[in-house]
Structures are given as C-alpha cells and as structure tokens.
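In the order they appear, the protein sequences are chains R and V.
Numbering follows my numbering, with no gaps: position 629 of the first sequence is 676.
Numbering follows my numbering, with no gaps: position 253 of the second sequence is 254.
All residues carry an ideal CB built from backbone N, CA and C; glycine is no exception.
This one's a predicted model, so the numbers in the text were calculated from it and none came from an experiment.
Here's the structure, in structure tokens; my notes come after.
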Amino acid sequence: MAKNFTDKSRRNDRLAEVLIRIGGLFVIVSVVWILVMISRVALPLFYPPSSKIAATVKVPTAILSGKVLAVGSEEYQQGAFVLDDSGTFHFLNMADGSLSASIKTPMVPVGADHVVSAEYIGKSAYNLLWNNGAITSVTVGLTAAKAREGTVTLTHDVTAKDDIAFAAAGGIVQSFARPIEDRGAVRIDRLSGDHLRVTHQLVETDLLGTEKRTTTSVDLTDPLPGRLSAVTVDSKGHYLYAGTDTGWLLRWDISEPGTITLLESTPASENHKAITSLALVLGDVSVAVGDTGGALTTWFPVKVAGSGEDRRLTRIHTLRSNVAATAFIIASPRDKTLYSGDTGTIHVDHMTSERNLLTIKPLAPVTHAALSPKGNSLATLDRTGTLTIRKMDIPHPEISFGTLFGKVWYEGYDKPEYSWQSSASNDDFEPKMSLVPLVFGTIKATLFAMLFAVPLALLAALYTSQFMSPKLKGRVKPVVEIMAAIPSVVIGFLAGLWLAPLIDKSVLTVFLSIVIVPLMLLLTIFFWKRIKGASPLQRVSRGHEFIAMIPVVILGIYLAFLLSGIAEVHLFAGDFKQWLFSTLGIRYDQRNSIIIAIALGFAVIPIIFTIAEDAISNVPRNLTAASLALGASRWQTAWRVVLPSALPGVFSAVMIGFGRAIGETMIVLMATGNTPILSWSLFNGLRSLSANIAVEIPEAPLNSSLYRVLFLSAVLLFIFTFIINTGAEALRQRFRKKYGRY
Amino acid sequence: MKLFWKTGEPYVLATGAALAIILVMSLTLIGTVMTNGLGYFWPRELVQFELKDGSKALGQITQQEKNPLSGEQRLQLKVGNRDVFGQDFRWIDEKEITARSIPADAVLLERREHGNYFGFLQGVTAEGITLTAGTPYEKLIQARTLVSGKMNDTRKIRKQMSDLNYTAENLRLKLQKLEYDGTEKNAAAIAELTAVREKKMAEFTRLNEQMTATLAEIGRITAQMTDVAGGSKDISLTEIVALQRPNSMSFFAKCAAYLERVRELLLDDPRESNTEGGLFPAIFGTVMMVLLMSVFSLPFGVIAAIYLREYARDGLMTRMVRIAVNNLAGVPSIVYGVFGLGFFVYGIGGTVDTLFFPERLPTPTFGTGGILWSSLTLALLTVPVVIVATEESLASIPKGIREGSLALGATKFQTLTKILLPMATPGIMTGLILSMARAAGEVAPLMIVGVVKLAPTLPFDTNFPFFHMDRKFMHLGFHIYDVGFQSPNVEAAKPMVYVTTMLLLAIVVIASSTAIYLRNRMRSKYTTSTF
C-alpha cells in the first residue's frame, strides 16, 4: 500500500513535470506561432506569378481556310472560339479539340460580303468591319459549367448588339466604333492617305417619343508629323490617340460631335522610334505605347509646370522591353496589367508596380492573342494553327517592394507620391498601397506621445521612489497602476469627443500652458522657502511637495486659458486657427497630433512610470544610505547615485512604453482623423499602421491584396515591437543580474 | 537660498510637479466621465424660453458657452422631438431670450423611436378601456397600468416567437444537411422535417398575427400632445417607453426615476441604434467573453508560471521563455486580432466548417467571428498577465517552505499542489482579475474577431445547447467606439457613451483595485525586509 502510494506519487510527479515543461514551452510556441501564422498570410504577396498551358488544340483546317480575325476563351479554360472572315464564330471544346458549334453572326449588313477586321471592345463584344465599310457589333457568350462528376458542358451564343450599327462607307483602312451611352454611337475611321474621320450618329428622343437621328461627320486633314502607324480610341469615344512612324504620339478630343481638336503631339521616345501599337489601360486614363524598339511605356495627361491648367501626356511608367517591335498590346479587363508581344515572346507587366510578371515564350510565332473576360486565361493562335489556352495565375500584380515602400506615380497624380488609398467605388480604380504614410503616421504619433509622456513619467517615478514619504507612496503607486488599467477605448473616446472639441475652442491654451505652467512652477520654487513658512503650508513637509504642486498646475493651466483668450484677440486677429491658415497656410484639423500626443502619452505614462519606478526603487538601499551618510543631499543622491545605477531599468521602461505606443490602436483610431498624410504638422491628423488595420480589415475580402497587405503591416508591427521588447527585456535581465547580489 | 539651489531642492519640486500633472490628468479623466455619466439619468427640468422673435422653445439645458462667432453667451438646449424639429439640439443666444419659465405640466415622453418628446399633454383617447382618473396625465398613467398586462403578453409572445424562430432555423439547417447528403436517400426524413417545420412556421405566423392584433389594440390608445411650437401629435401607448413630468417631480420622485433608469440601463435592450435604452446585451457579452477567456488563459498562464519559477533551471531556455512572455505582453493587441482572424476564424473555423457543416457553405458557421474565437484571441493576449502575477506570488513564498515540504518526503508535485499553489492563490487571483480587467477593456482585436454593434441573440440562452459559441456578441468597449464614433447622431448619442464609459471604467477600476489590493497584501505578508 505504502509502496503503491509512493509509486503513484512518483509517477504523478514525473507526469506533472513533463506537462508543466510542455506548458512552459507553449509560451514560446505561441509567440512563434503568431508570427508564422500572420507571415503565412502576408507572404503570398511576393510569390512569383505563374502561367500554365491548360489546353492546346489544333484548329481544324476547314476553319483556317478562311482568314482568322479573332480568338477568345473563357475563365475555366474549357472552351474557346475562333472568328473567321465570314463572320462565323467556331466554338471549340478544349478538352478534346472537337468543334462544338459554328454560329454565324446574326446581322449581316446589306451589300456586305465578308468581314475585314474585328475589334474587341470589352465585355465579350466585337465590332465587325465589313468589306463595304459597314460596322456591326456582336456579343459572344461562352461559358463552361462543371458538373459534380467532372463533365464540362459548354454553352454558347452570338447575339447582335444594336447600339453600334453604321452604314457602308468607302476607303476605310481601319475602324473603331464606340457606343455613347443612351445617345447613339461614334465611329472613327482611318482612311487611306492617313486621314481620320469621326462620325457621330446620335439619336434624340423628344417628348412625344419620336426619334430624331443625326449624323455628323468630320474629317481630320491636318498635316501629321509622320505617317500614322497606330491608332486607338478610349472606351467612351472621347479621346482619339495616334502614333506615327516618326515616333510622335498625338491625342485629339473627339467628344463634341462635328469637332476634332488636337490636344497635343509629343515625341514618345528620344530617338523617334516608330510607334507600332497603342492600347488604353483599364480605366481609360493611361495609354500604353509600344514601338519598333520593343519598348513599352504608359502615358497619361499631367499638369506640367508653366502650362497652367493644361494637362499634357507624360511618360509615367517604362515597362520591360520586348526584343523586337511590339506587335500588340492587350490590356487586362480586370486590373492595370498589360500583355505585350513581339513575334517571339509575350510579356506580362503591371503598370503601377512596373513589375514584369511573366515572360511567355510560345512555341511558334503568335498571330492572335486574347484574354478571357475575367482576364485569367490567355488564348493564342500561332502560325502553325495551334490554339493554346494558358491559365494565368497572377494573384497580386500591383504589389511590389516599390509600391509598398517607394514613391509611385499614380494615375491622375501630378508627381510620384507615397499614398494609401486602398479602395474606391469604381472597379477600374488604381489601388494605392504605400505603407510609408502609415509607418510615418505610427512614428509621428509615437514620437509626439513619447515627448509628452517620457519626461513626466520619469520625473514622477524619480519623485515617487526617492522623495515621497513611504506612506503616501503606498497610496500613489496603486493609483498610477490603476491608471494603467484604464481601457484605451475610454481614453480614445475622451480624447476624440471631449478633449478635441475643448482644445479646438482654444488651441493657444495648450501652447501657453507649456510656457506658463513651468513658469508658475519656477515661481513657486523661487518662493518655496518663503511660503513654506506660512502656516497652512507648514504641514507640506518633505515627501509631500507634490500635493502643493497640484493647485499650482491647475492654476497655471487656468491662467494659460485666460491669457490665450487675450492673446487671440490681440495677436491673432481674434481667431488663432484662422490666423494659422491665412498667415502660415497651416490647416487645423480638430483631431490632430496634439490630441494624440496627450491621449497616447496619457496611456503610456503609467506603464513607463511603473517600470521605471520599480527599477529606481530596486537600486539597493545601502547605496542611497551611503550617499546620504556622506553628506549628499537627497537630490544629489537621487541624481548622481541612484539614477545612474537604475539607468538600464529606466531605459527599458521607456522602450516598453515606446513599444506600447507603436501598437496602440483605439486611441489613434478615435483621436485622429485617420488621414494617411505625410506631414509633421502638429495640427494635422495621421493614420497609424494599427488603426489602418482596424479600419480596413473588415472590408478586405479574404486573400485579396489588401487583406495580405494588412497582414504584412501586422507583421511589421510584430517585428517592431519584438525588437523593442526583446531589447528591453535584455536590458532588464542585465540590470537584474547587476543587482542580484545585493 | 543658495544652499536651497545647491542641494537641488528645486529639482525635487520639479519632479513633484510632474507627478502632480499626472495626477491632475487622471483626476480630470475620472471626473469628466463621472460628471457626464452620473448626471445623465437625473431628471432635468424642462425650461421654456420665449424668444425675441416671438417663438418659444422647450427643452433641457445641456451646455453654456461663449458663442465663438459673436462672443455672446449662448446655451445649448436639448429640444427633443426629432421627428418634428429635425434635430435634437439647438443653440440659443442669451440675448435673444425674453422670458424663461419652468412649466409644471411639461411632459417628457421617452419613445421607442425618434428620441424623446417634450411637450404638453392635452388628453388621452381611450378605446376599449375606461379611464376614471382626473387629469390627462393621471389618465395616461392609468391607461398605461391598464394595458401593462397586455404589454407583458406581447413580450411573452415575442419570446415564444424567437424560440420558434430558433427551432425553425435549426430544422432548416437539418434539412439542408439531409439534402446535401442526398435528396433521394433521405426523402422520408426530409418530408417529415419539412412538415414539422411548416407547422412551426404556421405557429409563428399565428403568434405574429396575435401580437400585431394586441399591439394594434393598445396602439389605439393615444396621448394627445402639443409641442411648444403649437404643433400637435398623437402618440400611441405602444410608442411610449416611459413618461415623467420632471418639473413637478419631488426630490424623491427624481431619485426613484433615476434608479429606474439605472435598472433599465443594466437590464434592458438598447434602442435607437444603441443610443438609448439599456446595455444588457453588451454587459452580458462582455462578462461571458471574459469568463470564457479565463477558462483558457488561467490554466495556461499558471502552468507557464510554475514552469518558470519551479521547474526551469536558469539557462537559455528560461531566458527564451521570459522573452516570449514579454513579447506576448508587448505585441500590439491589433496584431492578436489579425492573428485571430487568420488563424482562428479563417484557419480553424474554416476547417471546422468544411468538415462538419459543408452543407451550409458558403454561409460560414464557425468561419466567421464569434465569441469563441474572441475569447481564445484574448486569452492569448492576457496570458502574460496571469503568468507575471502567478510567478511573482510563487517567488514571494519563502524558500524554507518548499524545502520543508520536500524534506518531509513530499514530491515536487505534491509540494506544488498541496503547499505552494494554495499559498499562491491570492497572487493567481490577482492575475486572473487583472487579466479580466484587461480583456474587458480591450476592443481593437475584438473588432476583427467577433464583436458586432447589435447582436440579435445572446451567446447564451434557454435553447439547447445553451452556449452558442459561434454567435457574435456585443461588448461594452466596442459599444463606446461604435456609438461614439459610428452613430449618425453623435451629439445625441454622447450621454449614452459617457454612461457606458463610466460603467466600463467602474468595472475595470474596481477589478484592478481589488487585484492590486490582494497583491499588496500578499507582498507584505511574505516580504521580509533585509535592510
């Protein structure tokens, strides 16, 4: 029985030891685990994109006997189609290469015989230019559905699009046609002899419901700086772009029927290489330019110094060059990705990040290429008649080290900038995800808060541990510790809804307080000796001085408030904020960095105070005793003996406070306007990394670029604070070791 | 004097001043919250102003200040009647006022919608009941007592309806699962369940009609009110939550009204997108989340502390654990939120959903924020608090006690469970309370992993299995942020935010004071001074 009992005890003991050790290890595991888990979400941002051939099919020779005008595919890489010059769409099942259906375009204009060219205008729609110059438009529907068993069924149709229909015309080399919403359509023809003709065909419906059709045509016959080599039109039919064989890039405004205005002409390259292809990037702001040298650049109008409000096309991004002349440029329908090809290769680049995402080398020179409406499959037809469909896996093309931390020239901006604006209401928006304004905001908030908190906390800690009467200390310390427990949401709320409006009413009080409160203190100190003799203050003995200081501080702030009213009237024409704006050009936000400094400072004061006070109190009493015994005053002892010894601990307190301020979320979220701007001004708000996460993550779709960038900022925060906390802990351990022997 | 400077006395005063500033700031914070929070429920009198332009205004004075534009004194009046005047507050310049009075018969109606109504009661239209009381005000009170039974009925019906709703929803989910597993195979079961569900739905519809009828019946009784501008309005009894005539209330009546409002605050549901009514779901959510969190963080924290203090030898490993503990304490709370979202919600939650609830996808069950994930996230965040407190209390137990126990033949584990842990209990309690206080006030991570502004159901109710870990919940701290910063009418919501803040602050301050008191008592119990 006894043996049994001891055995059992021993076994329990060993078991417990193992379990407890595991429990201890679990702390390390969880820290590592946190880092690993959040990094795992952020890392795919930097994974290289990939493309793989989903299917290749030899196009039946019967189809190839005619002239192929276009190819296309759908998002699951199961089906594809080829358009020939009879206006027939041949749908192919990519799984087995069989011809699934051939559908002729439903609307053939009178007198037309065959299709000369097809222009893809987005959203599965093609404009067909017929041999007599007529234009019709069709929409191609191709979808693949996968049943649970894995069989794929293709559905396809070709429907006429009636918003674009132009009658026959002669002498046409190339044509573009665009619908004008609810008003008709516009066609732009390139005629032989380098002429351009813009024809607006507008429909007006009057109150009685009768339609009035007007056709306005205008020819461009101005001399051009070279022969036209590439032409394109934006999707709304407002701007016409052309490139010449002498390397000039031209832009016309064609939005007004009957007029065609040359906005500008500019050389696209230094050595005047012929422009071979033009395409508009999604959103119609930027135009991509390819030339004979294989260069690919994007341009958009920018306010140029000295030209007033005029905006001139400017080269913004230079993307990776092709080797030979750029034969075609295809803009992705989903983002700012550009596919450009010469005869041998296809480059995939992203405009904003200037990243070369992929280089695809087809086996044979490509004659036709097209993206699926979702932009994730690329169909190419090569000279051997092989149709290839590639699945494009490019999850985060807009993210690069450059876009996260560098200046980027975004569409519509006048110069490269650091900017954070993750989303907008429209789909063709260029996301701006620079972390620089956020890191800046974090540093600004932390710095201002520390400037406010560190002196106060350290001085107060020194006083509490060295000069305060022990009895009082036993009361004051818990008060400060309870302060540390005040939830940050409470501080943030008061800062945002109470302090901010209060300071808004009298900003000057803050500045005057900084001067007047110390002045008042100085005065008090000056008269201390004298007033100490006065009867009610006699009791304010050593160790209780701070109580006497409380009314002085309150009085000082009140005095500052009174003075600020006077100063505002006499020095700042009655309104300091107005004066600030009109004289110095500084905008005043109600929730600004002053509020942050006070609120965030208030939040970290108890942390710094408690740790610093512990460190100072832990300096062995015999050092103090020795110093005092040698005749040093209490201040001399504290300043020359105690503080230097406690310095590592004090420093570690400051670091821990710093770490806390960096990551504080609610206060920054509530007490600033959350504006991601780069400005050191005290009167502006800011947006910190942590507040940004809280603001944006509820709206970030799972695994989107934004979601991962937010995780990346969490990783940054983790690493910042890890370094600071580990440093502080190392310091503290050294400090402990140093005095451990006492 | 020279000596005074030389000995550095002024610097001592300067350091004292720093402490004074800190204390002044803390007192200001507490004072602001208290004055704004405590005063909100006190029935304030309705003041009637006659203005120079001949118009009148009736309301409660909320603020007085100097007009920043004209420099004149002005006062802010809460005029209520949002549906009539369009806004709750207006500023009145003092020089515009020709007369002010406190009409004894001014009535304050707290309404279910559109905020308070300030005005005068003209009469009561009674249908289906006979009112015997004299004045209209007494009649209205009598009418309210007469229909209170019916009001209670509607409340009961509403509860039944929500239970039915829950059952029907469960049935729907079961049906969904059966259909997912194979419609043909489970045809019989599906038919049966569908029949049951339809019966429940029919019952639900019946109850709903019953409730609508009762409410319509009560609704026919209206209070005929006129506002100060002369407009009249009939307000039905169903709309009225509470009524009072603050101008003719005695001190004790006011106290009673105050206590009633406090009761409402603690036990009722919020109204008007959280800006009025009670805080019960938020208090409940906070408490339940904190308790759930302690279940996870306490054992983990205590074991880690025991490891550090009793089992680990001083070495690299201990140093690493200590660094880890410090980092757990120092990593920004929002990072925990992000981790919780990535790991608990989408990671574990997503996996649970695909394994156990594939039929419900893409609607997530556990793959979205909820009280379980919030508790786990906060447990991780507060573990260091428990560790530090437990370790400190273990460290303060004199070595002799351990040695004594071991010398008597007890194993290390026996010493731990029989001697050390009981002695360290106050310290562990300190850690627990501190961690609870921290969790109660933490908002940033919760915003990501499961808190909502308005939860339709509590995470705990009388429906099996009672604890609904997948549900989202409300939280006092988030309530402050949401009502104070996200509500459309911040000015009208402010008092509510102050009250919530005061409540949260009180909870946190009381909890931490208790913890600190416990800790200090334990410290002094074991500390033996050497100097």
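When the Cα atoms are used, R/Ser145 and R/Asp253 turn out to be separated by approximately 51 Å.
DSSP, reduced to helix, strand and coil, places V/Pro460 outside both helices and strands of the structure shown, so it counts as coil.
Take the alpha-carbon of V/Lys419 and the one of V/Thr412: they are about 10 Å apart. One thing to note: R/Ala777 has its Cβ no nearer than 8 Å to the Cβ of R/Thr657.
Residues are counted here when their Cβ sits less than 8 Å from a Cβ of chain V; for the region 488–504 of chain R these are Pro502, Leu503, Ala504, given in chain order. Our two residues, V/Ala306 and V/Thr287, have alpha carbons roughly 27 Å apart in a direct line. 8 Å or more divides the Cβ of R/Ala426 from the Cβ of R/Ser147. In the DSSP assignment, R/His397 forms a beta bridge with R/Thr384, R/Arg402. Two segments are said to touch when three or more pairs of C-beta atoms, one from each, lie closer than 8 Å; by this definition the region 38–45 of chain V touches the region 485–502 of chain V. Selection R/Thr257, R/Ser516, R/Tyr754, R/Thr268 evaluated against R/Ser239 yields R/Thr268 as nearest (Cα-Cα).
Per the coordinates, the alpha-carbon of R/Met515 lies some 28 Å from the alpha-carbon of R/Pro534. Membership of V/Pro333 in any alpha helix (DSSP H) is not indicated, and neither H nor E is assigned to it by DSSP. R/Ala117 is bridged by DSSP to R/Leu130. Rounded to the nearest whole angstrom, the C-alpha separation of R/Asp461 and R/Asp475 is 19 Å. In chain order, Ile363, His364, Lys462, Pro463, Glu464 place their CB closer than 8 Å to the CB of R/Trp456, counting only its own chain and leaving out the 5 sequence neighbours on each side. When secondary structure is reduced to three states using DSSP, V/Arg520 falls in the helix class. Contact between the region 22–38 of chain V and the region 680–697 of chain R is not established, with fewer than three Cβ pairs separated by less than 8 Å. Spatial neighbours of R/Lys491 in its own chain (CB-CB distance under 6 Å, excluding positions within 5 residues in sequence) are listed in chain order as Leu733. Residue range 258–267 is occupied by the beta strand (DSSP E) that includes R/Asp266.
For R/Trp727, none of the residues of chain V pass the 9 Å Cβ criterion, the least Cβ distance being about 23 Å. Assigned with DSSP and collapsed to three states, V/Lys96 falls in helix. Per DSSP, R/Phe730 lies in no beta strand (DSSP E) segment and is marked neither H nor E. For R/Asn59, at least one C-beta of chain V is nearer than 8 Å to its own C-beta.
When DSSP states are grouped into helix, strand and coil, R/Met439 belongs to the strand group.
Taking 8 Å as the Cβ-Cβ cut-off, the region 491–506 of chain V approaches chain R at Val491, Lys495, Val498, Thr502, Leu505, Leu506, given in chain order.
In the same chain as R/Thr768, and ignoring 5 residues on each side of it, the C-beta atoms closer than 8 Å to its own belong to Gly706, Ile709, Gly710, in chain order. With respect to the 8 Å criterion, R/Gly126 and R/Leu139 are classified as neighbours on the basis of their beta carbons. Residues of the region 618–631 of chain R whose Cβ lies closer than 7 Å to any Cβ of chain V: none. By the Cβ rule, the region 177–186 of chain R counts as touching the region 206–218 of chain R, because three or more pairs are nearer than 8 Å. Counting C-beta atoms within 10 angstroms of its own C-beta, V/Lys200 has fewer than 16 neighbours from the protein chains shown and is therefore classed as exposed. For R/Asn174, there is no enclosing alpha helix (DSSP H); the enclosing beta strand (DSSP E) covers residues 172–177.
Counting the other Cβ atoms within 10 Å of the Cβ of R/Leu541 gives 16 or more, which makes it buried.
For R/His137, the secondary structure class from DSSP, reduced to helix, strand or coil, is strand.
In the pairwise beta carbon analysis, the region 461–470 of chain V is classified as not touching the region 346–366 of chain V: fewer than three pairs are separated by under 8 Å.
Taking C-beta atoms as the reference points, V/Leu422 and V/Ile398 fail to come closer than 8 Å.
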